[in-house]
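Enquirer:
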Amino acid sequence: MKLTISSELIAQHDNQDIMMYKLCTPSGFSVAILNYGGIIWEINTPDKNGVFTNVVLNHGKFDPANPDYYGAIIGRVAGRIKDARFKINNNFYQLTANHYANLLHGGGNGLDKRIWAVKVLPNGLELTYFSPDGDNGFPCNVNLTVRYLINEDMQLILEYAADSDGETVLNLTNHSYFNLTGELVNAPRQLLRLASSAYGLIDKEVSFTGEVNSVVNTPFDFNQAKPIGTDLHANHPQINYGKGYDHPFVLNHSQQYPIELTDLVSGRYLKIDTQEPVVVVYSGNYNSVPWSAVCLETQRMPNAINLAKYRDSVICSPNRPYVSRNVWQFGVLE
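Heads up: take any position in the sequence shown, counting from 1, add 135, and you land on the working numbering.
Here's what the structure looks like:
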């Protein structure tokens, strides 16, 4: 496969060039990525009639604020850190809250708002960023690498790697919003299937409490594919807290693709293979156009650093580098 890679200057921010890189396969499957926040700007896939459409949300033009985190790399820690504080090696770290009293998605100036160095690879891009000790209040120097790789099988592969010079906390994800229908109003018709028997409870500030419940007989059971909109507005305390879905689901890895999103009308589907233990399903409840897409954020458990059961999963140290691999398999129903 001969991959075509092009780049374009689309804006300037803080006297730095904002570049868009477009990766395109001979069949037309293509992905556009920004050096700002590692944002996945477009993923163009065909429908059952061979018509290509972008299936992820973007702002139409570059917006450095990106308040909904469209397509961005999230870190150093995805999700909420309760009370914006944690303890490592008997040292307490108090961070600057940006969502109620909590820290959300690494803080107000997280990895989603940094300009990453980009290296062009034969089959994609390698983005790197150095996050110094004290960055947004987090300890230790951290070298981060994110690779976006594509192939003719309509796969987008996301590989994360990081090393630290001391013990710190790390939990990375990507915040792309998927809408396989091509129309904002049709997003709730997308079928979601999750190989998951348990979901995490959230509090009124949408922070994971540390408690997990069975999905059986709840709006959170996606073991059989169902439209996201079926129970999106159910009268359930957890749905009310999030104004929709904004919950971690514990994945069953006995299946290669524990996450599947499908649109029967267009015929498009997305299957996700991940090493991560959890997917946070966010139904875009607070977007400018609510419920117009869905995020499928594969990661470790939110607020894990403050929860003994999950804490080890988010520790990055010289002896424990951070590694994660996720495969987004796009396709068309036969």
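Just so you know, even glycine gets a beta-carbon here, dropped at the ideal spot from N, CA and C. The model shown is predicted, which means the values in this text are computed figures rather than measured ones.
(1) Pick helix, strand or coil for Asp408, following the three-state DSSP scheme.
(2) Return the CA-CA distance between Leu399 and His371, expressed in angstroms with no decimal places.
(3) Would you call the stretch 178 to 185 in contact with the stretch 458 to 469, where contact means no fewer than 3 C-beta pairs closer than 8 Å?
(4) Just to confirm before moving on: does the CB-CB distance between Glu177 and Asn193 stay below 8 Å?
(5) Taking 6 Å as the limit between beta carbons, can you name the residues of its chain near Gly364, skipping five residues before and five after?
(6) Return the chain-ordered list of same chain residues with a C-beta closer than 6 Å to the C-beta of Tyr380, the five sequence neighbours on each side being excluded.
(7) Report the start-end ranges of each beta strand (DSSP E) in the stretch 311 to 393 that is 3 residues or longer and not cut off at the edges.
(8) Could you check what DSSP says for Asp288 in three-state terms: helix, strand or coil?
(9) For Thr139, which residues from the same chain have a beta carbon less than 7 Å from its beta carbon, with the 5 sequence-adjacent residues on both sides left out?
(10) Taking the C-alpha atoms as reference points, what is the distance between Ala428 and Tyr421?
(11) So Leu307 and Asn271 are supposed to be a Cβ contact under 8 Å. How far apart are they, rounded?
(12) So what does DSSP say about Asp218, is it helix, strand or coil?
(13) Inspect the beta-carbon positions of Asp300 and Asn276 and report whether they are closer than 8 Å.
(14) If contacts are defined as beta-carbon pairs under 8 Å, then Ile394 and Leu431 qualify, I think. What distance do you get, rounded to the angstrom?
(15) Determine the burial state of Ser423: buried for a count of at least 16 other Cβ atoms within 10 Å of its Cβ, exposed for fewer.
(16) Beta carbon of Phe164, beta carbon of Met289: below 8 Å?
(17) Consult DSSP for Arg435 and reduce its assignment to one of helix, strand or coil.
(18) Please name the residue in Ser401, Met436 and Arg215 whose C-alpha comes closest to that of Gly243.
(19) Compare the Cα-Cα distances from Gly259 to each of Lys157, Asn150 and Arg435 and report the closest residue.
(20) Beta strand (DSSP E) containing Arg460: first to last residue?
(21) Look up Ser427 in the DSSP assignment and say whether it is helix, strand or coil.
(22) Which of the three DSSP states is assigned to Asn278 in this structure?
(23) Going by the CB atoms, is the gap between Ser452 and Gln410 shorter than 8 Å?
(24) Should His148 be labelled buried (16 or more other beta-carbon atoms within 10 Å of its own) or exposed?
(25) With a threshold of 16 other CB atoms inside 10 Å of the CB of Lys196, please say whether the residue is buried or exposed.
(26) Is it right to say His310 is buried, meaning 16 or more other beta carbons lie within 10 angstroms of its own, or is it exposed?
(27) Thinking just about the alpha-carbon of each residue, which of Asn225, Asn233, Ile208 and Asn286 is nearest to the one in Trp251?
(28) Taking the runs of the beta strand (DSSP E) that are 3 residues or longer, which of them lie wholly in the stretch 193 to 244?
(29) How would you write the range of the beta strand (DSSP E) that Pro181 sits in, first residue to last?
(30) Kindly list the residues whose CB is nearer than 6 Å to the CB of Tyr264, restricted to its own chain and excluding five residues on each side of it in sequence; keep chain order.
(31) When burial is assigned at 16 or more other CB atoms within 10 Å of the CB, is Gln390 buried or exposed?
(32) For Asn189, report the span of its beta strand (DSSP E) as first-last.
(33) Distance, Cα to Cα, Pro267 vs Pro362?
Expert: So, to answer that:
(1) If you number the sequence shown from 1, residue 408 lands on position 273. Of the three classes helix, strand and coil, the one that applies to Asp408 here is strand, per DSSP.
(2) Position 264 of the sequence shown holds residue 399. Position 236 of the sequence shown holds residue 371. Their Cα atoms are separated by approximately 28 Å.
(3) In short, these stretches touch, since the Cβ pair count reaches three.
(4) Within the sequence shown, numbered from 1, the residue matching residue 177 stands at position 42. Within the sequence shown, numbered from 1, the residue matching residue 193 stands at position 58. Contact: yes.
(5) Looking up residue 364 in the sequence shown gives position 229. Around Gly364: Pro323.
(6) Here residue 380 corresponds to residue number 245 of the sequence shown, with the count starting at 1. The answer, listed in chain order, is Val416 and Ser418.
(7) 326 to 329, 331 to 337, 343 to 349 and 381 to 386
(8) In the sequence shown, the residue the question calls residue 288 occupies position 153. Of the three classes helix, strand and coil, the one that applies to Asp288 here is coil, per DSSP.
(9) Start at 1 with the first residue of the sequence shown, and residue 139 comes out as number 4. For Thr139, where only same-chain residues beyond five positions count, the Cβ hits under 7 Å are Cys159.
(10) As a first step, residue 428 is located in the sequence shown; it is residue number 293 there, counting from the start. As a first step, residue 421 is located in the sequence shown; it is residue number 286 there, counting from the start. Those two C-alpha atoms are separated by around 11 Å.
(11) Numbered from 1 along the sequence shown, position 172 holds the residue referred to as residue 307. Numbered from 1 along the sequence shown, position 136 holds the residue referred to as residue 271. About 14 Å separates the two Cβ atoms, so there is no contact after all.
(12) Taking the sequence shown and counting its residues from 1, one reaches residue 218 at position 83. DSSP places Asp218 in helix when its eight states are reduced to three.
(13) The count along the sequence shown starts at 1 and reaches residue 300 at position 165. The count along the sequence shown starts at 1 and reaches residue 276 at position 141. Yes, the pair counts as a contact, with Cβ atoms nearer than the cut-off.
(14) Translated into positions along the sequence shown, residue 394 becomes position 259. Translated into positions along the sequence shown, residue 431 becomes position 296. At roughly 6 Å, the Cβ-Cβ gap stays under 8 Å, so Ile394 and Leu431 are in contact.
(15) Translated into the one-based positions of the sequence shown, residue 423 becomes position 288. Result: exposed.
(16) Numbered from its first residue, the sequence shown carries residue 164 at position 29. Numbered from its first residue, the sequence shown carries residue 289 at position 154. Yes. Within cutoff.
(17) Translated into the one-based positions of the sequence shown, residue 435 becomes position 300. Here Arg435 sits in coil by DSSP.
(18) By 1-based counting over the sequence shown, the position of residue 243 is 108. Minimum Cα distance to Gly243 is reached at Arg215.
(19) Within the sequence shown, numbered from 1, the residue matching residue 259 stands at position 124. If we check each option's Cα against that of Gly259, Lys157 comes out closest.
(20) Within the sequence shown, the letter at position 325 stands for residue 460. Tyr457 to Val467 is the span of the beta strand (DSSP E), which, as asked, contains Arg460.
(21) Against the sequence shown, residue 427 aligns to sequence position 292. It is coil, neither helix nor strand.
(22) On the sequence shown, residue 278 is found 143 positions in, with the first residue counted as 1. Residue state, collapsed to three classes: strand.
(23) Here residue 410 corresponds to residue number 275 of the sequence shown, with the count starting at 1. Here residue 452 corresponds to residue number 317 of the sequence shown, with the count starting at 1. The answer is no: Cβ separation not under 8 Å.
(24) The residue given as residue 148 occupies position 13 in the sequence shown. It counts as exposed.
(25) As a first step, residue 196 is located in the sequence shown; it is residue number 61 there, counting from the start. So Lys196 counts as exposed.
(26) Counted from its first residue, the sequence shown places residue 310 at position 175. Label assigned to His310: buried.
(27) Counting from one through the sequence shown, the residue named residue 251 turns up at place 116. It is Ile208.
(28) Within the stretch 193 to 244, the complete beta strand (DSSP E) segments at least 3 residues long are 220 to 223 and 226 to 229, listed from N- to C-terminus.
(29) Your numbering for residue 181 matches position 46 in the sequence shown. Membership of Pro181 in the beta strand (DSSP E) is indicated by the continuous run Ile175 to Pro181.
(30) The residue you call residue 264 lines up with position 129 of the sequence shown. If we look at Tyr264 and ignore the five residues flanking it on each side, its Cβ neighbours are Arg249, Trp251 and Leu279.
(31) Here residue 390 is taken as the residue at index 255 of the sequence shown, counted from 1. Exposed, because fewer than 16 other Cβ atoms sit within 10 Å of the Cβ of Gln390.
(32) For the purposes of this step, residue 189 is taken as the residue at position 54 of the sequence shown. Counting along the chain, the beta strand (DSSP E) containing Asn189 begins and ends at Phe187 to Asn189.
(33) Looking up residue 267 in the sequence shown gives position 132. Looking up residue 362 in the sequence shown gives position 227. Their Cα atoms are separated by approximately 43 Å.
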